[in-house]
Each structure stands twice: as C-alpha cells, then as structure tokens.
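Okay, so the sequence shown: first residue is 927 according to the working numbering, each after it adds one. Heads up, the beta-carbon is just placed ideally off N, CA and C, and yes, glycines get one too. Right, one structure below, let's go through it.
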Amino acid sequence: MEIALIGNPNSGKTSVFNLLTGANQRVGNWPGVTVERKMGYVKFDKTIKLQDLPGIYSLSPYTPEEQVARDYLVTQEADVILNIIDVTNLERNLYLTTQLLDLGIPVVLALNMSDVLESQGRKIRLDKLSYLMGTPVVATSALKNTGLTKAIQVAKKEAGSRSDRSESVVYDNRLEAAISQISDLIFGLVPSSAQRFYAIKLFEKDPLIWQELTLSDYQKNEITEIIELTEGVFTDDSESIVINERYLFIEKVAKEVQSSSDELRMTLSDQIDKIVTNRFLALPIFALAMFIVYFLAIQTVGTFWTDWVNDVLFGQYIPKIAQDFLNWLQVAGWLRSLIIDGVIAGVGTVLGFLPQIFVLFTCLGILEDIGYMSRIAFIMDRLFRRFGLSGKSFIPMLIATGCGVPAIMSSRTIENERDRRITIMTATFMPCSAKLEIIALITGAFFPENPFVAPSTYFIGLITIVLSGIALKKTSFLGGYTSPFIMELPTYHFPKLQTVLTYAMRKALSFVKRAGTIIFSLTVLIWFLSSYNWQLQQVDTDQSLLAGFGHLIAPIFSPVGFGNWKATVAAVTGLAAKETVVATFGILYHNNSQSGLWKALELDYSSLAAYSFLIFNLICAPCFAAIGAIKREMNHLAWTVGAIVFQTGLAYGISFMIYQFGLVLGYGKPITVETFLALLLVLIFCYFIFRRPKASRQEVISLSTLGELSKEV
Ligand code: GDP
C-alpha cells in the first residue's frame, strides 16, 4: 500500500517522514528534474510505502516541484494522501487540500504543529473540520511525536475504503454548474474519480491539461463557451474565479472550526480587508495612500529640510567654508572651480534631497510593515488580470519605487517569458528614488503650492505601465497566456519603529553611497565638459563642450518644451544615473543661482515645459545600471535595444502630448500643426490599446497555441 505525503513547505513534512520511516529511506531524483525524491517504509508496518512529495502551495504546475507532485498524483499510484498541514496557518494550508480533494484519492489531514497551537492556548474543532472537509482529521506533532501512528492507521483504513471524491467541498452554484457541464463533456476521457480535477483544470485554462487530453473540436468549443459564459457571469477570469471560490470556502471552514478568540483576532484583519480590498474602494484608498505619502515626502516634512539643506547648507555655508579653505590653501583656480562649481554644486544639490528620500521610504516602510503593500499587490493582481496582464508584475513595480535594478531582476519570479519581457520593459516607469530628486526639484521650483504634481508622477508611471502592458500584450510577439499568482495576505499589525527606520536608513545610505561614488565621478565629468572648450581652455559654460553638444541636440526637444540646451543635456546625462539630471542643473545654474537654484530655473522654463521635462525623465530609458539589468534579463541584444527605444519613444510621445495640449488648453496658444500631430498620437495610442488582440481568446485555448505556450510556462 502506498501513502503519499504532501504539504506546504515548512508544514513539518520532512520531520513527519523521518519519524515514520526512521532509517528505512531511499533518496533519489524525480525523473528528468533535480527535485529530490524520497520514499521509505513505515517503521511499524513495513507493508506501507511512504512516498514523500515536494513541499508545494498548489497543484498548478508553475514550478518543477508542483509539476512533479501533480504528475505523480494524477497517475493515481497513491492509495491515500496524507496531507500534512501546519495548523497554525490553517487557511493557507487548506488551499492545497481543496485541490487534493479534487483528485478523487482519499485524503487524511494531519494537523501538524498541534503542540504550538496548544501552547498558544488555541483550539481547533477537529470533528467539525473533518465534517466540513469530508475527510478524516488527526492532530499530530512531529516535535513531540504524537498522533503520527494514529494518522497512519487512519490513512490505512481510508485506503481500504477507496471511494469517490468527498462531496463536502462545494463552491458557488454557478461555478459548480460549469464544472459539472465540463465533467460531462469529458466523461470517459479521464479516470472517473479524477473527473472533477480535470474539469476544474480545463475551466482554469490550464495549458498542460488542455494539451494532455485529446479533445475533439466540439468538446473544445463547448468548454470554451462554458468558460466564457461563466467568466461573463462572474465578471472575472476563470482562474481567479476558482482561486476566489476556494478561498471563500476555506474562510468559511476556518471561521467555523476556530475558537472564538481566534475568530475575533482574524476578523479585525478581515474587517479592515473588507474595506481596503473592496472592489470599488480599493483603488481610491490606494490613490489616497500614495497621495499622502508623496505629499508628506515632497511637499511638507521633506521640503522643510530640503529647503534648508539646499539653500542654506549647500547654498551658503559649505561653499563659503570651502572657498575660504581653498583660498587659504592657495590652490589653483581650476581645482577651486572643480570643487566649488562642480562637486559641491553637483553632489550638494543631489544630497539636498536626502531628507525627502528618507521621508518617502519611511512612509513606504510603514505601509510595507503593517501589511498594506501585500494588499496592494493583491488589488493590482485583480486589476491587471482583468487586462490580461500578470499580477506578478506588480511586485517588480513596487520594488521599482526603490530602484529599477532589483525590480528588473525580480521579474525572474514570473514564469511566463512574455509577461516577464513586458514587465522588464515597463517596470522602470515607476518613479525610483533617483527620479524622486527630479520630482522634488521640479515640484519645488515650479509647483511649490500644488500638492498634486508629485503624486501625479506615481500615477502616470502606473497608468503608463498598465496601458503599455495592455498594448504590448495585444502584439503577436508578446501576447498570450498569463500565469496567475497566489499570495498570502499577512495579518495587519502595528508598524515596528525599528524595522521601518532600518528600511529607510538602508535606502538613504545607499543613496548617499551613490552620491559619493558614481554621482561624484559624473559631476567631475560634467564640470569638465561644462567648463572647457575643444581647445581645453577654461571658458564660460555657454561656450563649453557641453553647450556645443546641447545646442546640437536641443532642437529635438523643442516640440516637447525643453529645447533649452541645459535641460537637454540634463536629460541626456540622466542616462548615466537619474540623480545626474539634478546634479547637472546644479552645476549649469551654479553661477546664476545667487537667489537659489529654483529661482534660476523659473526664469528659463515655463511650468508646462518643466512638467513635460519631468514626465519625459520618468518614462524614458532608465539609467545605465538598469539598462544593464534589462540586457542581462532579456539576454538578447535586440530585445534590449527594443525596450530602450520603446521607453524613450513613449516618453517623447507622452511629453509631446502634455506640452502641445498644455499650450493650447492652459496657455491659450493657437492650434498649430503640432497640436494636430499630438491628436494623431492620441489616436495611435488608443488604437494600440483598444484594438483586438493579435492572439484572440479562441486561439489562446486552441491546442496548437497551448502546445507552444506550455513549453514556455
Ligand atoms: P517541511 O519543510 O515541511 O519538510 O518541514 P520540516 O520538517 O523541515 O519542519 C519545518 C520546521 O518546523 C522545523 O524547524 C521543524 O523542527 C519544525 N516542526 C516540524 N513539525 C513540528 C511540530 O509538530 N511542532 C513544532 N513545534 N515544530 C515542528
């Protein structure tokens, strides 16, 4: 007789396996993969073979471990499944259980870690759980070695009475109707006990199952129709419907079996979630939260310090002290210029925004620590999936508010190659900490009283990601199946001051480190280029090498509002590192900044041009480090170049529209050819966003496409 041992990672499965088998173990690999395979015989009953399966969260084969477990289980070799459950984490663990029950193999639940539950003074009503799940339940503790023998005995008995699947787990009528219709359609094609498993998987559009079963065109069309109908009824995609229903069922079970004090503790978090993740309220709440974060960082607390640091510390004290010190040392004129006009003006301006960075990350750290950020990912998953995008893409985007490089690297968690590429191409549209400097500079100089400008960049970044994601998803080379992601929502708790401050300090320190290294080197370079001409003679900034280069390319940026050579140069140097945009302004406006950098900027640009400049820098190609990360992750030159051209082109297009429409609508300027071009651009963007996808829904589910896609999954 064979018992399959399965459970979530860290449920105590290995401990249970070792206790039950002792030295009677054989370790090898599952065929074709590097996933470890362990089997053994039960110490006190050698007729029972125990097959250890990899620790997994679900039976959707997105990882080799899940694939191995699923392959083994669908062959129906196991007589009974012993599902090890971390009882302190009941809801998450039961998610896998609901899937195991679909397979039609008898399941016994071992509620492991019951000693922990006991020490916490909590109780679970075993008989009720057993009744609700329709399977036997045994409390175990691998630590205290209790309940394990009983679990094996119960499992042995269950295997003998092999019956059809338990009828206890029932979902919404409308979903059940779809499942039973699909079951009827595949009658005879799959083992009758596992019919429900296959029907649900077909409903979820699981590519591997669609490929595995040889369905006739009639069956395929009927099933597709059932899926589309049900999706219409639920106004959700089929996979989300199933995930949702499983969790709703589990939530109900958990409420019934946990003691009242647990219920109370859970419901507080649940009640908050009811509001925070509510279909209609979730996005406004999120918008408000981010508005407050940016408002605090840029407009209030942050600025208070930044104004002082920029205007007083780096504007007066430090240059004066440095000047006196250098005079005293009698250093050469060029060196004095390098230090005062280059390094202090450049690095100083960059460092001036340190307080804002610190406040921003303190706020984000708090949102993260109390558990709100995982809700955002959950809400965004729902939103993204509606547009056929992967919800997993939002994790890299959250990371991108810190820095684009780790964000691009974190796209590795997305298994679907096409979704991964889309994420890599768009994640850097989020304002990272370096871009925050540009935001703070432009807001401070041009919109000090307007609280909407700074948060608008966050939302423009986010909306650009969603819209360009939709457009890219509709192309033939990036369209297709989207893998879902399942995430755990931790209980809310009060923020821990230490965690939050450590997080913010770490971000601030890495920012200071960058200012002292890469930004320092770049300011030296910019100072040199802005102080010398071709003959290497020290000249006025306006005659410098940099001015020559700036004048050459400035016309390209006239239509988007910042044809001024200084802004052009700043945008280009931003490629090296986004902080350099600010450093470049610091250096180029150093000499006429007696009244402060912000005043000097105001004289040269209109607020509209400044906003257009801000949005261009937000969306255009990221810094070299992030481009390097894109190249590593894309692993293909054409894709890398394509991504950069896409980002820069898109940035130019959006800035162009903002500037041209702004001229007419905000400044009352006459309509020109450019206005029409901007209008045409809007139409082109709309076409790419709203056109029918190249790979239609029908095709997505057709076998040939799935065959190709499943290789990628
Ligand atoms: P696996 O990842 O599911 O194989 O889990 P392990 O067997 O490696 O266990 C994860 C951790 O939980 C280890 O530190 C175990 O010592 C601990 N553990 C396992 N079972 C129990 C239990 O019943 N009670 C307690 N308190 N700890 C346990």
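Between the options, which has its C-alpha nearest residue i's C-alpha?
i	options	result
Lys1049	Val1269, Glu962, Val1013	Val1013
Leu1471	Ala1503, Leu1514, Met1431	Leu1514
Val994	Val1116, Pro957, Arg1338, Ile1556	Pro957
Val1486	Tyr1384, Gly1575, Arg1301, Lys969	Gly1575
Ser1336	Phe1304, Gly1259, Pro1619, Ser1319	Ser1319
Arg1205	Leu1309, Phe1572, Glu1559, Gly1512	Leu1309
Ala1104	Ser1067, Ile1167, Leu1529	Ile1167
Asp971	Pro980, Gly948, Phe1212, Thr989	Gly948
Asp1098	Lys1082, Val1116, Thr1156	Thr1156
Arg1432	Tyr1298, His1516, Ile1283, Thr1467	Ile1283
Ser1447	Thr1467, Ala1509, Gln1469	Ala1509
Leu1174	Ser1359, Leu1128, Val1095	Val1095
Ala1180	Pro1548, Leu1016, Ile1340	Leu1016
Val1001	Gly1030, Thr1226, Leu1324, Ile1011	A small fix is needed here, since residue 1001 is Thr in this sequence, not Val. For the residues Gly1030, Thr1226, Leu1324, Ile1011, the minimum Cα distance to Thr1001 belongs to Gly1030.
Ile1198	Ala1380, Ile1153, Ile1296	Ile1296
In three-state DSSP terms, what is residue i?
i	result
Phe1614	helix
Leu1635	Per-residue confidence for Leu1635 stands at a pLDDT of 34, beneath the threshold of 50, marking its modelled position as unreliable; no derived number is given.
Gln1121	helix
Gly948	coil
Lys939	helix
Met1039	coil
Asn934	coil
Asn1561	coil
Leu1435	helix
Val961	coil
Ile929	strand
Ala1077	helix
Thr1203	coil
Val1096	coil
Asn1543	helix
Lys975	strand
Val1269	helix
Asp1012	strand
Asn877	The question about residue 877 has no answer, for the chain in this structure spans 927 to 1639.
Gln1463	coil
Ile1224	helix
Val1257	coil
Ala1555	helix
Gln1002	coil
Ile1050	strand
Buried or exposed, going by whether 16 or more other CB atoms sit within 10 Å of the CB of residue i?
i	result
Tyr1537	buried
Phe1130	Per the sequence shown, the amino acid found at residue 1130 is Glu instead of Phe. Per the 10 Å Cβ criterion, buried.
Cys1329	buried
Glu962	exposed
Lys1361	buried
Ala1333	buried
Val1202	buried
Ile1003	The amino acid at residue 1003 is misidentified as Ile; the sequence shows Glu. Exposed, by the Cβ-count rule.
Glu1171	buried
Arg1301	buried
Asn1561	exposed
His1419	exposed
Leu1058	buried
Leu1632	For Leu1632, the predicted model reports a pLDDT of 34, less than 50, meaning its position is unreliable and no value from the coordinates is stated.
Ser1142	exposed
Ser1118	exposed
Please check the pair residue i and residue j, which I expect to be a contact at CB under 8 angstroms, by giving their CB distance rounded to whole angstroms.
i	j	result
Pro1377	Phe1221	5 angstroms
Gly1272	Ile1244	At roughly 13 angstroms, the Cβ-Cβ gap does not stay under 8 angstroms, so Gly1272 and Ile1244 are not in contact.
Lys1679	Leu945	Residue 1679 lies beyond the residue range present for the chain, which begins at 927 and ends at 1639; the question has no answer from this structure.
Ala1551	Val1331	5 angstroms
Leu1540	Ile1365	6 angstroms
Thr1383	Pro1357	5 angstroms
Thr869	Ile1479	For residue 869 there is no data in the structure shown, the boundaries of the chain being 927 and 1639.
Ile903	Val1033	Limits of the chain in this structure are 927 at one end and 1639 at the other, which puts residue 903 out of reach.
Asn1490	Tyr1458	In fact, because the Cβ distance is near 21 angstroms, the residues do not count as touching under 8 angstroms.
Asn1236	Gly1278	4 angstroms
Leu976	Ile929	5 angstroms
**Prompt:** Mind pulling the alpha helix (DSSP H) runs of 4 or more residues that sit fully within the segment 1471-1528?
**Reply:** Entirely contained in the segment 1471-1528, the alpha helix (DSSP H) runs reaching 4 residues are, in chain order, 1471-1483, 1491-1499, 1505-1514.
**Asked** Which runs of the beta strand (DSSP E), 3 residues or longer, sit entirely within the segment 1332-1418?
**Response** If only uninterrupted beta strand (DSSP E) runs of at least 3 residues are considered, none is enclosed by the segment 1332-1418.
**Item:** Residue ranges of each alpha helix (DSSP H) within the segment 1277-1315, 4 or longer
**Value:** Runs of the alpha helix (DSSP H) inside the segment 1277-1315: 1280-1295, 1298-1312.
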